[in-house]
Each structure stands twice: as C-alpha cells, then as structure tokens.
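K.L.:
Going by the working numbering, the first residue of the sequence shown is number 21, and it counts up by one from there.
Glycine included, every Cβ here is placed at the ideal spot set by N, Cα and C.
Got a structure here, written out as structure tokens. Questions coming.
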Amino acid sequence: MSESKLIRGTLILTIGTYLSRILGMIYLFPFYALVGTLGGTLFSYGYGQYTIFLFISTLGFPLAVSKFVSKYNSLGDYYTGRRILKSGLIVMGVTGIVGFLTLYLLAPILAPVILGGETQGNSVKDVTMVIRMVSVALVIVPIMSLLRGFFQGYQSMGPTALSQVIEQVVRIVFLLSASFVIIKLLDGEVATAVGYSTFAAFIGALGGLVVLVWYWLKRKPYLDSLLETSKPQTAMTNKQMYKELLSYAGPFVFVGLAIPLYQYVDQFTFNRAMISTGKGLIAEELFGIVNFYVPKLVMIPVSLATAFSLTLVPTITASFTTKDFSLLRKQIDKTFQICILLVLPAVVGLSVLAYPIYGLFYEVSEVGGRILRWYAPVALLFSFFTITAAILQGINKQKMAVISLALGLLIKMAVNVPFIIWFGSIGSILATALGYTVSIAYSFWMISKHAKYRFTIFIRRSLFMTLLSAIMAVSIVFTNKILSFGFTYDEGKLYSLLVLLFTVPVGASIYLVLAYRSHLLDRLLGTHLEKVIRKIKRKKAVQS
Numbered sequence: 021m022s023e024s025k026l027i028r029g030t031l032i033l034t035i036g037t038y039l040s041r042i043l044g045m046i047y048l049f050p051f052y053a054l055v056g057t058l059g060g061t062l063f064s065y066g067y068g069q070y071t072i073f074l075f076i077s078t079l080g081f082p083l084a085v086s087k088f089v090s091k092y093n094s095l096g097d098y099y100t101g102r103r104i105l106k107s108g109l110i111v112m113g114v115t116g117i118v119g120f121l122t123l124y125l126l127a128p129i130l131a132p133v134i135l136g137g138e139t140q141g142n143s144v145k146d147v148t149m150v151i152r153m154v155s156v157a158l159v160i161v162p163i164m165s166l167l168r169g170f171f172q173g174y175q176s177m178g179p180t181a182l183s184q185v186i187e188q189v190v191r192i193v194f195l196l197s198a199s200f201v202i203i204k205l206l207d208g209e210v211a212t213a214v215g216y217s218t219f220a221a222f223i224g225a226l227g228g229l230v231v232l233v234w235y236w237l238k239r240k241p242y243l244d245s246l247l248e249t250s251k252p253q254t255a256m257t258n259k260q261m262y263k264e265l266l267s268y269a270g271p272f273v274f275v276g277l278a279i280p281l282y283q284y285v286d287q288f289t290f291n292r293a294m295i296s297t298g299k300g301l302i303a304e305e306l307f308g309i310v311n312f313y314v315p316k317l318v319m320i321p322v323s324l325a326t327a328f329s330l331t332l333v334p335t336i337t338a339s340f341t342t343k344d345f346s347l348l349r350k351q352i353d354k355t356f357q358i359c360i361l362l363v364l365p366a367v368v369g370l371s372v373l374a375y376p377i378y379g380l381f382y383e384v385s386e387v388g389g390r391i392l393r394w395y396a397p398v399a400l401l402f403s404f405f406t407i408t409a410a411i412l413q414g415i416n417k418q419k420m421a422v423i424s425l426a427l428g429l430l431i432k433m434a435v436n437v438p439f440i441i442w443f444g445s446i447g448s449i450l451a452t453a454l455g456y457t458v459s460i461a462y463s464f465w466m467i468s469k470h471a472k473y474r475f476t477i478f479i480r481r482s483l484f485m486t487l488l489s490a491i492m493a494v495s496i497v498f499t500n501k502i503l504s505f506g507f508t509y510d511e512g513k514l515y516s517l518l519v520l521l522f523t524v525p526v527g528a529s530i531y532l533v534l535a536y537r538s539h540l541l542d543r544l545l546g547t548h549l550e551k552v553i554r555k556i557k558r559k560k561a562v563q564s
C-alpha cells in the first residue's frame, strides 16, 4: 500500500473514531447530572462485564478477518475472503447468543464479587439487573464487528468510521432519553435508569448494523466484479481456513482485551482493597471516578492510536506478505512518530488542565482532578501498547503480542492491591502504568529484533516533540496564572469553561506553530498538509 493511502485511510478512521469518542465524552455531562457518581459506578459494573464477554464472543474474528482478507486480496484471491465472510457471520451469530446467555445467567454470581463486601452504594440486585440488561447487546455486536473487519480488509475505512458514529449517536440518544424519562418524568430509581442506559448498547448496535448493510448493498456490484478478475481460489478446506484464521484471531482476543482486562482487575480488587483500609464508605465513589468517568476523558487521545492500529493491521500485513521490508520499516517509523506528535501534547494538556477539565464535564472536585492528572500520562502507554501489538500481529508475531499483554497483566495483578493500600485510589493507576510499561518495553524489543527496526530517528524526534510539549505546557500554566487574577476554575463550571477557552487555544496554537515552523508536520504528514496550507494562503491572498 502506498504511503498516501496509508495516511488517507488512517485519517478517515481517525476522524470516525474521534467523533465517536467525542460523542462518548460529551454525553457524560448530562448523564452524570442525572445519575451521579454512584450511578456511573453502577454503569461501569455492567459495561465491565459486557466488554470482557464481547471480546470472548467475537473470538478476535473482526480484526483477524481484516488481516485474512487483506492477505488473500494482496495475492489476487478474492474468493477466499468472501468464503470467510459468509461462514464468519454464522459463527459470530452463534457465539453472540452463547455469550448473551452465559453473561445473563452468571450475573447473580458476579454481582456480589464485584461489590467486594459491605459498601454504602449499589446493591447486589442493582448490579445483577444492569449486567443482564447490557448482555442483550452480545446478540448483535459480534456480527456488526465482523462486517467492519471485512471492509477494513479491503482498506476501506469509511464503513467502519460512519457505522461507529451512527452507533454512538443512536446509543446516546436512547441512553439520555431513557434516563431523563425514568428519573425526571416518572420519578424512577437511578438503578432503573442505568439499566436502560446499558441496554442502549443493543439499540446503538442496530443503528451501526444498518449502516454496514447499506454499504454492503451499495458496494456489492464492485466486490462481485473483483471476483470475476480473481485468481483461482486458494486450495484450502474450511478446516484449514479456520485454522489460519484462529492463528490470527487468538492474539486479537487477548490484545484487544488489554484495557478491559486491566479494568477487570480493578473491578474485583478495588472495592475490597479500599474496604480493607477503612475506606468502604467512599470506595464505590472513587471506583466510579477511576474506572469510568476519568478513563472516558483519557481515552480521547488514545482513540488516535486505536485508529492507527486498525489501519496498520491490513497495511503492514500487505507489506510483510509481499516482503517489502523497506516500506514496512517506514510505516512503523512514521506510525510511532505520528502517535507521539498527536498523543503527547493531548496527554500533557489533559494533565496540566486536569482540574478545570474534570470540573467542566462533571463537577469541581479535588479528588476527580487529582485522579485525572495522574491518569492522563497513562494514555500515552495505552496508545503505544495498542500500536505495538498491531505491528507484532502485522508481522506475524501474534504470540509475542500475547506474551507482552500477559507480562503487563501479571504485574498489574501482583501489585494492584498493595499499591491501592499504600497509595489509595492513585495506586490503581500506578499499577496500570507499571504493567503497560513492561508490555511496551517487551514489544519494542521484539519489533526491533524481528522487523530489523532501529529506534534512532524515533527517539531523536520524540525528544524534540517532548520539548515542544513542554513549551506548550509552560504557555498553558502562564496563561492560567494570568487568568487567576480575575477568576479560577474552582468557582464553578462556567469558570472552568472560561479557563479552558483561553488556555487550550494558546497551548494548541503554540505547539502547532512550532511543529510547522520546524517542518515536523511536513515530514510526518507528507505533502498533503503543505497543499492544504498553500490553498489557505492563496484564498487569503485573493480575499485581501
């Protein structure tokens, strides 16, 4: 795949993923106002279980199908990709139903374990109900995910991007409408509203599936025309085909579970550890902040890495399959650098402005702001883990991606409880950071070894981008200091908004200008950026 197509596909998926993430962040403001911190905690209990069972139900098939289809398309064999689509949809339908029934029946067993003992918050009955409500989505989401993987195998990111946005819009509209009606109009319980809010995952998935079916009907004539020009179908039985697919899929199950698994560890240990230190009264409230509200904000920059990883799987697979190792190393190098370019300043901004950001979206809170400040840097680790795992899978080193995750997860499990006991709620974040650091270090080692990749240029430019981010941070702090003579974020949501309206544009502008003047943007984003800037300059010249 050409470099321009790599960037174009990445941008399409990045925009779609980013819009989805932004929508997923914006709805939290009214949702928090309706259900509060404990309601958000209850919501996270249900979604935590759903996420784990979703990955198990999909068996890693969606991204594995993306890699499988990309491989055989690059060989000119379009028949094999269509075969895996037809049979894969049946498999996803079966595993989805099995996953739904399993989670639904296990809900009463999981609920008391999650709560960890006596708390002053949600009840076992409430947790059971919420888990059962969200479990219904497992019937349809695996099928939708497989269709996305198929389109991505053709390096077509539009269907995934649009379906993600529509799925999120439909989900949020139903979620907020149901919560408002139940709490404000019917004077119902918060637990009931949260239950219907989790059921919104099923409603949103229906919207996303409709988009994908529309794309399929629209593009089917073109896809059929490719079959007519296809090379003879690769001679392989269904057993051989699924054996190869499962060799790809297994690692995707584990690696895709990375963030949910880390949160899963917290679900079964956080409350219990806090209760053991005599903080049972605030355990659930802190858990909601650490495991639900703050990660929603932190995952905004992480979505950039998610977009890259989804694009990398088929493109790196194609380069590796055709043995174009020079292009492979260029793709790896550029991806690492662009990740730093975009994610690092976002992480720095989140950390420096943690208190007004948390105050704007939720409420002015010393605890919430402090947790966000500590959690923000972990976003960079999330991003690099996602990208390095995708690269290892793309160069057919899936087992090493699994080993990477396993090493980090073992560290998290070993130190999570003692860290929480020693450092309180921040301990959970420190344990997560340590686990991801170990995973990334191992992944870097394996990529260097098997892709013959050298980190020299990446390290040099990363240090330069760190300097730019530091200058940006200083400008934000300085601007905030000037504003403090008139008002501060802790005076309320409006003042938090004003702080952000002044500081964010200043910081972002300084970073972008420095990156542009140093030719960093041009080197990493290619000639496309230069063309856009020239057009803007010409328009300004004409207008003047």
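Do the CB positions of Lys419 and Tyr282 come within less than 8 Å of each other?
P.N.:
For Lys419 and Tyr282, no; Cβs fall outside 8 Å.
K.L.:
Under 8 Å, do Ser94 and Ala338 count as touching if we go by C-beta distance?
P.N.:
Yes; because the gap between Cβ atoms is below 8 Å, this pair is in contact.
K.L.:
Could you give the residue range of the alpha helix (DSSP H) that holds Thr212?
P.N.:
Per DSSP, Thr212 belongs to the alpha helix (DSSP H) from 210 to 248.
K.L.:
Considering only the beta carbon of each residue, do Tyr382 and Ser250 sit closer than 8 Å?
P.N.:
No, the Cβ-Cβ distance between Tyr382 and Ser250 is not below 8 Å.
K.L.:
Rounded to a whole number of angstroms, what is the C-alpha to C-alpha distance between Ile203 and Ala451?
P.N.:
Cα to Cα, Ile203 sits roughly 37 Å from Ala451.
K.L.:
If we require 3 or more residues per run, which beta strand (DSSP E) segments fall completely within the region 390 to 430?
P.N.:
With a minimum length of 3 residues, no continuous beta strand (DSSP E) run stays inside the region 390 to 430.
K.L.:
Excluding sequence positions up to five away, which residues of its chain have a Cβ less than 7 Å from the Cβ of Gly113?
P.N.:
Correct list, in chain order: Ile163.
K.L.:
Rounded to whole angstroms, what is the Cα-Cα separation between Ser197 and Val154?
P.N.:
Each residue's Cα considered, the two are about 17 Å apart.
K.L.:
Given the structure, does Pro397 come close to the ligand NAD, in the sense that its CB is under 7 Å from one of the ligand's heavy atoms?
P.N.:
This structure lacks the ligand NAD, and indeed carries no ligand of any kind.
K.L.:
Tell me, to the nearest whole angstrom, how far the beta carbon of Thr57 is from that of Gly379; I am working on the premise that it is less than 8 Å.
P.N.:
Between Gly379 and Thr57 the Cβ distance is about 14 Å, and since that is not below 8 Å, they are no contact.
K.L.:
To the nearest angstrom, how far is the alpha carbon of Gly116 from that of Val524?
P.N.:
About 43 Å.
K.L.:
Given a cut-off of 8 Å on the beta-carbon distance, is the pair Glu304 and Asn291 in contact?
P.N.:
Contact flag set, yes.
K.L.:
CB-CB under 6 Å to Trp394, same chain, minus the five flanking residues each way: which ones, in chain order?
P.N.:
Here the set comprises Ile446, Ile449.
K.L.:
Less than 8 Å between the beta carbons of Tyr262 and Ala84, yes or no?
P.N.:
For Tyr262 and Ala84, no; Cβs fall outside 8 Å.
K.L.:
Which class does Thr254 belong to by DSSP, given the choice of helix, strand or coil?
P.N.:
Here Thr254 sits in coil by DSSP.
K.L.:
Under three-state DSSP, which class holds Thr61?
P.N.:
Here Thr61 sits in helix by DSSP.
K.L.:
Out of curiosity, what's the CA-to-CA distance linking Thr499 and Phe439?
P.N.:
Their Cα atoms are separated by approximately 35 Å.
K.L.:
Here's the rule I'm using: 16 or more other beta-carbon atoms within 10 Å means buried, otherwise exposed. How should Lys501 be labelled?
P.N.:
Answer is exposed; the Cβ neighbour count stays below 16.
K.L.:
Does the pairing of the region 175 to 191 with the region 119 to 129 give three or more beta-carbon distances under 8 Å?
P.N.:
The region 175 to 191 is not in contact with the region 119 to 129.
K.L.:
I'd like the list of long-range same chain contacts for Gly169, defined as Cβ closer than 8 Å, with 5 residues on each side in sequence excluded.
P.N.:
Cβ neighbours of Gly169 beyond the five flanking positions: Phe81, Pro82, Leu83, Ala84, Val85, Ser86, Val89.
K.L.:
Give me the residue from Gln357, Val384, Pro252 with the minimum Cα distance to Arg480.
P.N.:
Checked all of Gln357, Val384, Pro252; the closest Cα to Arg480 is Gln357.
K.L.:
Counting pairs of beta carbons, one from the region 72 to 81 and one from the region 343 to 356, are three or more of them closer than 8 Å?
P.N.:
Counting Cβ pairs under 8 Å, fewer than three are found: no touch.
K.L.:
Counting pairs of Cβ atoms below 8 Å between the region 313 to 325 and the region 463 to 475, do you hit three or more?
P.N.:
The region 313 to 325, when compared against the region 463 to 475, does not touch it at the 8 Å Cβ threshold.
K.L.:
If you count every other CB in all the chains shown that lies within 10 Å of the CB of Asn258, and 16 or more means buried, which is it?
P.N.:
Exposed, because fewer than 16 other Cβ atoms sit within 10 Å of the Cβ of Asn258.
K.L.:
With DSSP collapsed to three states, give me the class of Arg349.
P.N.:
Helix, per DSSP.
K.L.:
For Val193, report the span of its alpha helix (DSSP H) as first-last.
P.N.:
Its alpha helix (DSSP H) spans residues 178 to 200.
K.L.:
Compute the Euclidean distance between the alpha carbons of Arg239 and Glu248, then round it to the nearest angstrom.
P.N.:
In a straight line, the C-alpha of Arg239 is about 15 Å away from that of Glu248.
K.L.:
Just to check my reading of the structure: Ile460 and Leu401 have Cβ atoms closer than 8 Å, yes? What is that Cβ distance to the nearest angstrom?
P.N.:
Correct: roughly 6 Å between the Cβ atoms.
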